[in-house]
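Number of protein chains: 2
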Amino acid sequence: MSSTSTTTTSQEIPPSDSQTRVSKFMQQLQDDICQGLEKLDGKETFREDSWDRPEGGGGRSRVIREGGVFEQGGVNFSQVWGSQLPPSILKQRPEAAGHGFYATGTSMVLHPRNPYVPTVHLNYRYFEAGQVWWFGGGADLTPYYPFEEDAAHFHKTLKKACDEHHQDYYPVFKPWCDEYFYLKHRQEMRGVGGIFFDYQDGRGALYRGPNEKGPAAENSQKVGTLEPRTWEQLFSFIQACGNSFLDSYGKIVEDRWSKKYGDRERQFQLYRRGRYVEFNLVYDRGTIFGLQTNGRTESILMSLPPLVRWEYCYQPEANTPEAHLYERFLKPQDWASWSDA
Amino acid sequence: MSSTSTTTTSQEIPPSDSQTRVSKFMQQLQDDICQGLEKLDGKETFREDSWDRPEGGGGRSRVIREGGVFEQGGVNFSQVWGSQLPPSILKQRPEAAGHGFYATGTSMVLHPRNPYVPTVHLNYRYFEAGQVWWFGGGADLTPYYPFEEDAAHFHKTLKKACDEHHQDYYPVFKPWCDEYFYLKHRQEMRGVGGIFFDYQDGRGALYRGPNEKGPAAENSQKVGTLEPRTWEQLFSFIQACGNSFLDSYGKIVEDRWSKKYGDRERQFQLYRRGRYVEFNLVYDRGTIFGLQTNGRTESILMSLPPLVRWEYCYQPEANTPEAHLYERFLKPQDWASWSDA
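Residue numbers (the numbering used here), protein chains in the order written: chain R, 1 to 341; chain U, 1001 to 1341.
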């Protein structure tokens, strides 16, 4: 991989039915994920609200509450359009200024009740604006009382989906995730990561944005390029990522959901959920995009946990499971190479 | 009042001991408030942490937890300095660019346990940078199950402190508060307001910033001017505001702290605390300043409530006390003129 500028290359024109096809996939992904999660939960089902956005578009939000596994979970589909992208995106994609835009995507956050089951987030999205288009998204895992084999399983599943499309995807998108889901004011990762990417526009760049926040961000504006990819190749890749989710997370739920826990574990879970709130409200690009584009607030903030605790100056005691989370898991690790052998 | 530009007028040079005097007052204010709150609480006392800021300055943070009245409360004093103000402030004060800065202030947020006692916030602050200086701050009340007489008492006490210094202060700083403590994404005020002001630099302007968020914000960049005020006049005014706090809030605590409540009131209080988190992490200037200047995270986020709930699509039922909060109290009202006669 070599580091060359790619912003002057013109982009392939997407197929004429690009918006319909991506939007259809995003709805299918929402359906499949909700069906799989209901099966995992075993008790509750999703409630759906369809909504329109006055400025153009709409979506359907699905929420599960007080389930057998999920204290709260939300899976959103949306497609929105308008006359101008919001400033947070135009800053990074100046060539999209002055054009109408179209955006569609599926996003999900699950807050399980059992502290041994990790919180998980997924989001895949597609944008068109004037002559430019791009895909973005990813999935990441946020455990409270983690197991190495769970982190490894989650990463290995994502790596497999990536590798089938390009050998460079996982090696770039995994550290990008570590950087993106980083709480700078805490100097902490949000969890054990996964994959994250943005602005995948086929023009030969595996671009890592200049304003990511993590420890390696300063020298990572471009991490390399690979041959231009077609719109079809990127769309296939997005589908593979989305469709790998239930494999990556389902096994973890099945292994952990019935593990006994007490008030200590619950209190620590509530405390750590505070970090999720801090990340989503202070840093998250999707949340800021939603609030800036006059999105449906209840759907955007569905990612916030149902119950959260803050505690001034909390520090885990040495040699406890809580300290182990910070020391072993909230630092970038090569989970895809992990082996219990 | 007429609307004229004031940015070209040069400022009075502050007294040579300005920093020492303001910082001494801010510490005294912290001492007085903490002493008064301990008396109100009747059970717990404040724990103090002193801290240094590597880039210059430091502070002392005081927290009370699990008290008789206060589930959590934090009162911070800080004075910090450095080579350059952060971007969030330079955008509004471009003439401060390229200069070292000095900032000192006291801030406070109290989260009472009883849902009939409102949450309250106070912050007074002073900045110097190159040839410019200014005072800012205010105090505002966020009730859960409100009483009209409490909102009126809070406002009347603040109005009295304002009126003794200038008849135009309260009429400008009261609506400024309504605009500032506004959650645009909810189209909701944070509470019943109080007073808020920023950039009071003596140059004849009662300036209301261009990026406030409330309903009247668009045409409120300047609301008027009054004769230039001296540094001494503004410093006296700030002291009067700060010193009025215990009067404004103490009576409310005394009247409400022992009122019986049940799980319904507690659950609604936890839910409404979510708005406090949303405001502080998404909009609050002091929080953003702190995080951008590498402040002490635990002191900055001490304002977040100890326990918080989010609930998807919650709406209060018609003709309930919860609906009454939204309909009567979360809209700008002329509380200072309220009378039970």
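In this text, a Cβ means the ideal position worked out from N, Cα and C, and glycines have one as well.
Using 10 angstroms around the beta-carbon of residue i, count the other beta-carbons present and answer buried if the total reaches 16, otherwise exposed.
i, result
"residue 175 (chain R)", "buried"
"residue 1139 (chain U)", "buried"
"residue 319 (chain R)", "exposed"
"residue 1078 (chain U)", "buried"
"residue 324 (chain R)", "exposed"
"residue 252 (chain R)", "buried"
"residue 42 (chain R)", "exposed"
"residue 313 (chain R)", "exposed"
"residue 1125 (chain U)", "buried"
"residue 118 (chain R)", "buried"
"residue 278 (chain R)", "buried"
"residue 1112 (chain U)", "buried"
"residue 131 (chain R)", "exposed"
"residue 1327 (chain U)", "exposed"
"residue 259 (chain R)", "exposed"
"residue 1263 (chain U)", "exposed"
At 9 Å on the CB atoms, spell out the chain U contacts of residue i, in chain order.
i, result
"residue 271 (chain R)", "Chain U residues near residue 271 (chain R): none, gap ~10 Å exceeds 9 Å."
"residue 310 (chain R)", "1072, 1277, 1301, 1302, 1304, 1305, 1306, 1307 and 1308"
"residue 291 (chain R)", "1184, 1185 and 1282"
"residue 109 (chain R)", "Residues of chain U passing the Cβ test: none, with the nearest at roughly 11 Å."
Against residue i, what residues of chain U qualify as contacts under a CB-to-CB distance less than 8 Å, listed in chain order?
i, result
"residue 342 (chain R)", "Chain R is shown from 1 up to 341; residue 342 (chain R) falls before or after that span and cannot be answered."
In chain order, what residues of the same chain lie with their CB nearer than 8 Å to the CB of residue i, ignoring the 5 residues before and after it?
i, result
"residue 227 (chain R)", "204"
"residue 1129 (chain U)", "1085, 1093, 1096, 1099, 1100, 1101 and 1102"
"residue 1045 (chain U)", "1038 and 1064"
"residue 1016 (chain U)", "none"
Might you give, ordered along the chain, the residues of its own chain that have their beta carbon closer than 6 Å to the beta carbon of residue i, omitting 5 neighbours on each side?
i, result
"residue 329 (chain R)", "146 and 192"
"residue 48 (chain R)", "60 and 62"
"residue 57 (chain R)", "79, 80 and 81"
"residue 1244 (chain U)", "1157 and 1161"
"residue 73 (chain R)", "64 and 110"
"residue 1309 (chain U)", "1270 and 1271"
"residue 30 (chain R)", "75, 77 and 106"
"residue 155 (chain R)", "335 and 336"
"residue 1050 (chain U)", "1060"
My output table needs one value for residue i: the three-state DSSP class, helix, strand or coil.
i, result
"residue 1246 (chain U)", "helix"
"residue 1219 (chain U)", "Any reading at residue 1219 (chain U) needs caution, since the residue's pLDDT is 44, under 50, leaving its predicted position unreliable; the model's value is listed next. Here residue 1219 (chain U) sits in helix by DSSP."
"residue 201 (chain R)", "coil"
"residue 1078 (chain U)", "strand"
"residue 100 (chain R)", "coil"
"residue 210 (chain R)", "Any answer about residue 210 (chain R) is weak, because its pLDDT of 47 lies below 50 and its placement is not dependable; what the coordinates show is given next. Residue 210 (chain R): coil per DSSP, three-state reduction."
"residue 1052 (chain U)", "strand"
"residue 1106 (chain U)", "strand"
"residue 1083 (chain U)", "coil"
"residue 1027 (chain U)", "helix"
"residue 10 (chain R)", "coil"
"residue 1185 (chain U)", "coil"
"residue 1016 (chain U)", "coil"
"residue 295 (chain R)", "coil"
"residue 227 (chain R)", "coil"
"residue 274 (chain R)", "helix"
"residue 1348 (chain U)", "The question about residue 1348 (chain U) has no answer here: the residues shown for chain U are numbered 1001 through 1341."
"residue 1069 (chain U)", "coil"
"residue 1061 (chain U)", "strand"
"residue 321 (chain R)", "helix"
"residue 1192 (chain U)", "coil"
Residues of chain U with a CB under 7 Å from the CB of residue i: which are they?
i, result
"residue 80 (chain R)", "Correct list: empty, because the minimum Cβ distance to chain U is about 15 Å."
"residue 63 (chain R)", "1312"
"residue 298 (chain R)", "1312 and 1313"
Please list, in chain order, all residues of the same chain as residue i whose beta carbon is under 7 Å from its beta carbon, the five residues on each side excluded.
i, result
"residue 1268 (chain U)", "1115, 1144 and 1322"
"residue 294 (chain R)", "55"
"residue 1230 (chain U)", "1012 and 1202"
"residue 1033 (chain U)", "1075, 1108, 1245 and 1246"
"residue 1261 (chain U)", "1114, 1115 and 1116"
"residue 1286 (chain U)", "1107 and 1123"
"residue 36 (chain R)", "246 and 250"
"residue 1090 (chain U)", "1096 and 1097"
"residue 1281 (chain U)", "1287"
List, in chain order, every chain R residue whose beta-carbon is nearer than 9 Å to that of residue i.
i, result
"residue 1055 (chain U)", "By Cβ distance, chain R contributes nothing, its closest Cβ being about 15 Å from residue 1055 (chain U), past 9 Å."
3-residue-minimum beta strand (DSSP E) runs that sit fully inside the segment 1118-1170 of chain U, ordered along the chain: You should have 1119-1129 and 1132-1142.
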